[in-house]
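Residue numbers for the sequence shown follow our numbering, so the first one is 93 and each next one is one higher. Scroll down for the structure; my scribbles are underneath it.
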Amino acid sequence: MKKVKFTLKSQELKEKKVFRDAIHNYIHVDHDVVLKLINSAAMQRLKRIKQLGGIHQVFQSAEHSRFTHSLGVYAVVRRMLEESVIGDYLNDYEKLTVMIAGLLHDLGHGPFSHCFENIFQQKHEAYTVRIIKEDQEIHHILEDCVKGLSHDVASVIDKTHPNHILIQMISSQLDADRMDYLLRDSYFTGTTYGQFDLSRILRVMQVRQGKIVYKYSGVQAIENYILARYHMYWQVYYHPTTRCYEQILISIFRRISDLYKQKKINCDLEYLLPFINHDVSIQDYLNLDEYICFYYFRKLSQHPDTILSDLCQRLLNRKLFVYEDYKSAKQKSLIETQCLKAGYDPRYYVFGDDQMQIPYLHYGNKDDIREIEIIKGHQLTSLPDVSEIVGAIIKAKENKTDSKIYYPETIDK
Ligand code: ZN
């Protein structure tokens, strides 16, 4: 099928589907290819990966999955096409491409979110692209619909697609991904920091010079969205207890890997071995989810190695570490000494962690599609030039940072 001749009508389902959702109410699925992708094994796996890793250890209702978020991003893309002017600038094939890119954008996430990437040096964006191109089921669903669709969807995600509007919709400073996760994470954590006016932002979207820009009258709605994200980072995503949970996860995986290399672990680690050996196929990657990891943590909580079993028990029973502000290397070294005296190996029991968040990235180059641009008069100008709030944020000498040090509660200080 020639892409230019493609019509969305040709993909319309006889019986359209709706998915009930806490954020978007009804999410409409009108096209056969989208429904097939939702029902694929790689998409269903995302139900077994939490959207927020260990954040439910603090905000206990934050149990939502990457699957619900992925459907939510698809829903926001669909709303952009229907409720903003963007739909007037795209042909049917581009609309389908960007809806699918929204749905599949997180396909490459491993268990425990970014913590897993840190442990095994796997970048989820690269895996998303690989799964779209190499997973047989996903690849066939896309290619059976339109030849070349898998390549075009992947090029939106790796930001090489020639139409910048599609890239901006999925991955920019004001995109469907961030808009869904702020609303969703805010709702499921039971906090209100992430709330902003999505309908208003859709209404002020415009297209100029082949890119998405915004009406001047929408500046306050955009400021509100940027502050919502900033506050979510400090109140939710970077909560010190969550970071502690993730550090214990890192210690567990490090201990498993160290024991395996020393041939001191002889239980079945089938699903983890490719990661320990740094030889991961797409199928290995898709086989691993949080359910499998928890099976291992349960099993290893009885392992004869006391470090490994203790760390697993701490994770399963939420016996996390205490923390304090990191001040100096001397402070850390003192804590490590005390930790050793108490019988804990500091390599697995003492860790520092730094976090920083930049609310708005100002690139300064005119025509950079990563900038949020505003129509003022007949000119395009970057957001910080018309927003005193965003302008003040980027002029601040230092970005807010937070450094913590974690250690077991029982050491004598
Ligand atoms: Zn996402």
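Quick reminder that beta carbons are idealized off the backbone N, C-alpha and C, glycines included. In this text, all values refer to a predicted model and were calculated from it rather than measured experimentally.
- Within 6 Å of the C-beta of Asp250 there is not a single heavy atom belonging to the ligand ZN.
- Glu465 is classed as buried because its beta carbon has at least 16 other beta carbons within 10 Å across all chains shown.
- The stretch 456-495 contains, as complete alpha helix (DSSP H) runs of 4+ residues, the segments 475-478, 480-487 (chain order).
- Shortest gap from the CB of Asp289 to any heavy atom of the ligand ZN: 6 Å or more.
- Under the three-state reduction of DSSP output, Phe159 falls in the helix class.
- Approximately 5 Å separates the beta-carbon atoms of Ile224 and Ser242; this is inside 8 Å, confirming the contact.
- Excluding five sequence positions before and after Ile368, the CB atoms of its chain that fall closer than 6 Å to its own CB belong to Ser349, Tyr352, given in chain order.
- Look at Tyr452 here: in three-state DSSP terms it is coil, with no helix or strand label.
- Comparing alpha-carbon positions, the option among Val296, Lys307, Ala488, Ala320 lying closest to Thr284 turns out to be Ala320.
- In this structure, DSSP gives Asp417 an extended state, which the three-state scheme calls strand.
- The beta strand (DSSP E) runs of length 3 or more contained entirely in the stretch 114-155 are, from start to end of the chain, 117-123.
- Counting the other CB atoms within 10 Å of its CB gives Val190 a total of 16 or more, which places it among the buried residues.
- In this structure the stretch 438-448 lies against the stretch 482-499, because at least three pairs of beta carbons, one per stretch, are closer than 8 Å.
- Distance from the CA atom of His253 to the CA atom of Glu315, rounded to whole angstroms, is 28 Å.
- Listed as beta-bridge partners of Val305 by DSSP are Gln298.
- Those residues that have a beta carbon less than 5 Å away from any non-hydrogen atom of the ligand ZN are, in order along the chain, Asp198, Asp269.
- Secondary structure within the stretch 307-354: the alpha helix (DSSP H) runs of 4 or more consecutive residues, fully enclosed, are 311-324, 332-353 (chain order).
- The Cβ atoms of Phe280 and Ser132 do not sit closer than 7 Å to each other.
- Remark: C-beta atoms of Ala268 and Val168 approach each other more closely than 7 Å.
- Counted as a single uninterrupted DSSP element, the alpha helix (DSSP H) harbouring Gly194 occupies residues 184-196.
- For Leu100, there is no enclosing alpha helix (DSSP H), as DSSP marks it with neither H nor E.
- A distance below 6 Å between beta-carbons, with the five flanking residues on each side excluded, links Lys97 to no residue of its chain.
- Here DSSP, grouped into helix, strand and coil, assigns Gly200 to coil.
- Secondary structure of Arg222 (DSSP, three-state): helix.
- Here DSSP, grouped into helix, strand and coil, assigns Glu174 to helix.
- In terms of Cα proximity to Cys385, the closest of Trp326, Ile233, Ile399, Leu408 is Leu408.
- Collapsing the DSSP output to three states places Leu105 in a strand.
- A check of alpha carbon separations from Asp289 across Leu266, Gln471, Gly302 identifies Leu266 as the nearest.
- DSSP places Arg410 outside any alpha helix (DSSP H), giving it a letter other than H or E.
- Annotated three-state conformation of Ile211 is helix, per DSSP.
- Straight-line measurement puts the Cα of Leu378 at about 38 Å from the Cα of Asp417.
- Cβ neighbours of Ile374 within its own chain (closer than 7 Å, five residues either side excluded): Arg222, Ile223, Glu226, Asp227.
- For Tyr499, the secondary structure class from DSSP, reduced to helix, strand or coil, is strand.
- DSSP lists Ser495 as the bridge partner or partners of Asp446.
- Listed in chain order, the alpha helix (DSSP H) elements of length 4 or more contained wholly in the stretch 227-252 are 228-237, 241-249.
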